[in-house]
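Structure, as structure tokens:
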Amino acid sequence: MSQIESQSAPNDDAYQRPHSPFRSVPRTGVIYVMNEATKAGYHPDDPAWSNLGQGQPQTNALADAPQRIDSLAGPIVEYAPVAGLMELRDAVAQLYNQLYRRGMPSQYSAENVSIAPGGRAALTRVAASLGEVNLGHFLPDYTAYEELLGLFRFFNPIPILLDPNQGYQFSPQDLEHEILGRGLSGILASNPCNPTGKLIAGTELEQWVHITRKLDCALILDEFYSHYIWHEDLSSVSAAAYVEDVNQDPTLVIDGLTKNWRYPGWRIAWTLGPKDLIDSLNSAGSFLDGGGSRPAQRSALPLVTPEHILAESKALKACFGPKRQMMLDELLAMGIGIDLQPEGTFYVWGDLRQLPEALNTGMRFFKQALKHQVICVPGEFFDINPGQRRADRPSRFRHHVRFSFGPEISSIQAGLKRLKSMILAHH
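In this text, residue positions in the sequence shown follow the numbering used here: the first is 705, and each later residue adds one.
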């Protein structure tokens, strides 16, 4: 099945108005997956199902983690500023200064921060602010980038294919070569990468920031998984650590409460960058989303401190690290290949080519797994193709599946056990 066939399938049965001025808006890959799972009987409260496709981290209280907040308080009558409450903007700026910029002469301030109602809103503000430029993006990467990159007509999205045989490595020299060779004015990437778990950190990340500064190429980094780092000597990563001048370096950092703080329902995100670029993002937000919720922002203030996020990061690593290792061990034992053991995120990017033919593509595996009450995400949905511009040919990631170790460990164990039985039944 081609990428176009698989991604257009969710809308095939939708009613189309004759001569309608509205286009048919495709569902993102994960939404398609959940729609198909629901048709198969899935309900989030049904313990018989294992959702190994979820992008939501385990959200219950963890040992030694800060106390969880389960309700919001404050006045709800007034709008919040489109840019966000000044006290939250300042708190985010000071968080990055304390975590990543101690002793550096250039420091972030509230004016370097834009608060948005969720990560997609933050990314949409960025996309709406881009001019008529070439924007590089990587394959594979986050499924929601596809529609985002195809929606705005000012910029031209340029795909950069990463090689599974090289562990999805992309060196600073490769980055400079692509920027110069393709005339790129911007680079968009998730770091760590969703779905592969590839991490750019340390000297390599410093060189990325240096090269994009030297070539005046915007570096737009989605850092939503930046505290799910599986190197013992790293607690988190951020390009903010390598910015020389916070108002001159063309680096934008996007993060929020969704993953690192484990509050996916809160819908608070931020973008950090030069003041003039933040002003543009806020102008875009004034017509795109109108800004976030005032009580949600005010209630988030106690969370945006170094003490809170360092304690949270330590607790989530103690919880998610064993889940990661268990999933790696079990998938490998089933005959599922792994191009790269995840260096970050809570996903494992599995290669199915060694499985029986009935299971050796992501879509076949996904459909069979639903029959065993397990959800996963076919790899072809991460083969970002804005506007379906590339030729109708099989996806390069059609033999891959993304497995999530975001759920609680009991659900992961049950799901892996059923997948093992499913694979054995096809041998």
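Cβ atoms here follow ideal geometry from the backbone N, Cα and C, with glycine treated the same way. Just so we're clear, the structure is a prediction, and the values are computed from it rather than from any experiment.
- Message: How far does the alpha helix (DSSP H) with T907 in it extend, from its first residue to its last?
- Response: Per DSSP, T907 is one residue of the alpha helix (DSSP H) stretching across 906-918.
- Tell me which same chain residues have a C-beta within less than 8 angstroms of the C-beta of E851, skipping the five on either side of it? Residues V729, P730, T732, P1090 of the same chain have their beta carbon placed closer than 8 angstroms to that of E851, with the five preceding and five following residues left out of the count.
- Message: I'd like to know if the segment 920-933 and the segment 962-977 are in contact, where contact means that at least 3 CB-CB pairs between them fall below 8 angstroms.
- Response: Between the segment 920-933 and the segment 962-977, the count of C-beta pairs closer than 8 angstroms reaches three or more; the two stretches touch.
- Item | Contained beta strand (DSSP E) runs [length at least 3] in the segment 1018-1103, N- to C-terminal order | Counting only runs of 3 or more, we get 1051-1055.
- Task: Identify which residue in D1096, T1009, Y746, K979 has its Cα closest to the Cα of Q802.
- Result: It is T1009 whose Cα lies nearest to the Cα of Q802.
- Residue environment, D750, which counts as buried when at least 16 other CB atoms sit within 10 Å: For D750, the number of other beta carbons within 10 angstroms of its own is below 16, and it is reported as exposed.
- Query: Would DSSP call N895 helix, strand or coil?
  - Reply: DSSP places N895 outside both helix and strand once states are collapsed to three, so it counts as coil.
- Can we say the segment 988-1003 touches the segment 816-832, given the rule of at least three CB pairs closer than 8 angstroms? At 8 angstroms Cβ cutoff, the stretches touch.
- Cβ shell of A752 (< 8 angstroms), same chain only, five flanking positions each side left out: Its chain contains Q1077 as the residues whose beta carbon lies nearer than 8 angstroms to that of A752, once the 5 sequence neighbours on both sides are disregarded; these appear in chain order.
- From the DSSP output, in three-state form, read off F842 for me. Strand.
- Under 8 angstroms by Cβ, that's how I've got G757 and I1079 pegged, so tell me the actual separation to the nearest angstrom. With a beta-carbon spacing of about 4 angstroms, G757 and I1079 fall inside the 8 angstroms limit used to define contacts.
- Count the other CB atoms, across all protein chains shown, that sit within 10 Å of the CB of K1075; report buried if there are 16 or more and exposed otherwise. K1075 should be labelled exposed.
- Task: Give the DSSP-derived three-state secondary structure of R1106 in the structure shown.
- Result: Strand, per DSSP.
- Task: Give me the Cα-Cα distance between P978 and F1069, rounded to the nearest whole angstrom.
- Result: Cα to Cα, P978 sits roughly 45 angstroms from F1069.
- Message: Using the Cβ count rule (16 or more neighbours within 10 Å means buried), how would you classify L865?
- Response: Label assigned to L865: exposed.
- Query: Where I1208 and Q760 are concerned, what is the direct C-alpha to C-alpha distance, given to the nearest angstrom?
  - Reply: What is shown of the chain runs 705 to 1131, which leaves residue 1208 out entirely.
- Go ahead and label M790 buried or exposed: buried means 16 or more other beta carbons lie within 10 angstroms of its beta carbon, across all protein chains shown. So M790 counts as exposed.
- Tell me which same chain residues have a C-beta within less than 8 angstroms of the C-beta of D716, skipping the five on either side of it? Low per-residue confidence applies at D716: pLDDT is 45, beneath 50, and the placement is therefore not dependable, though the value from the model is reported in the following sentence. Here the set comprises nothing.
- In three-state terms, what does DSSP make of I1013? DSSP, read as helix, strand or coil, puts I1013 in helix.
- Task: Using 10 angstroms around the beta-carbon of G890, count the other beta-carbons present and answer buried if the total reaches 16, otherwise exposed.
- Result: It counts as buried.
- Task: From the DSSP output, in three-state form, read off L827 for me.
- Result: Residue state, collapsed to three classes: helix.
- In chain order, what residues of the same chain lie with their CB nearer than 6 angstroms to the CB of G1119, ignoring the 5 residues before and after it? Result list for G1119: S754, L756, V1078, in chain order.
- Item | chain C contact for T1065 (CB, 7 angstroms cutoff) | You won't find chain C in this structure, because it holds only one protein chain.
- Message: From the DSSP secondary-structure annotation, give me the bridge partner or partners of T962.
- Response: T962 pairs with nothing; no bridge assigned.
- What are the boundary residues of the beta strand (DSSP E) that D949 is part of? Boundaries cannot be given for D949, as no beta strand (DSSP E) includes it and DSSP labels it neither H nor E.
- Item | Residues bridged to P999 [DSSP beta-bridge criterion] | None; P999 has no bridge partner.
- Query: F1101 to M808, Cα distance in whole Å?
  - Reply: Rounded to whole angstroms, F1101 to M808 spans 42 angstroms at the Cα level.
- Tell me, please, which residues DSSP counts as bridged to T732. According to DSSP, T732 bridges with nothing at all.
- Boundaries (first-last residue) of the alpha helix (DSSP H) holding L884: Taken as a continuous stretch (DSSP letters only), the alpha helix (DSSP H) holding L884 covers 876-886.
- Message: Measuring alpha carbon to alpha carbon, tell me which residue in L892, H881, L888, L792 is nearest H841.
- Response: Nearest of L892, H881, L888, L792 to H841, Cα basis: L892.
- Determine, using beta-carbon pairs with one atom in the segment 1010-1025 and one in the segment 975-989, whether at least three such pairs fall under 8 angstroms. These segments do not touch.
- Among all the DSSP beta bridges, which residues are the ones paired with S754? Looking at the DSSP assignment, S754 forms a beta bridge with V1078.
- Beta-carbon proximity check, F1086 vs P899, cutoff 7 angstroms: In this structure, the beta-carbon distance from F1086 to P899 falls below 7 angstroms.
- Message: Looking at the secondary structure, which residues open and close the beta strand (DSSP E) in which V817 lies?
- Response: Note, V817: beta strand (DSSP E), 817-820.
- Using 10 angstroms around the beta-carbon of H1103, count the other beta-carbons present and answer buried if the total reaches 16, otherwise exposed. The residue in question, H1103, is buried, as its Cβ has 16 or more Cβ neighbours within 10 Å.
- Return the CA-CA distance between P714 and V1105, expressed in angstroms with no decimal places. Any answer about P714 is weak, because its pLDDT of 46 lies below 50 and its placement is not dependable; what the coordinates show is given next. Straight across, the Cα-Cα distance linking P714 with V1105 is about 19 angstroms.
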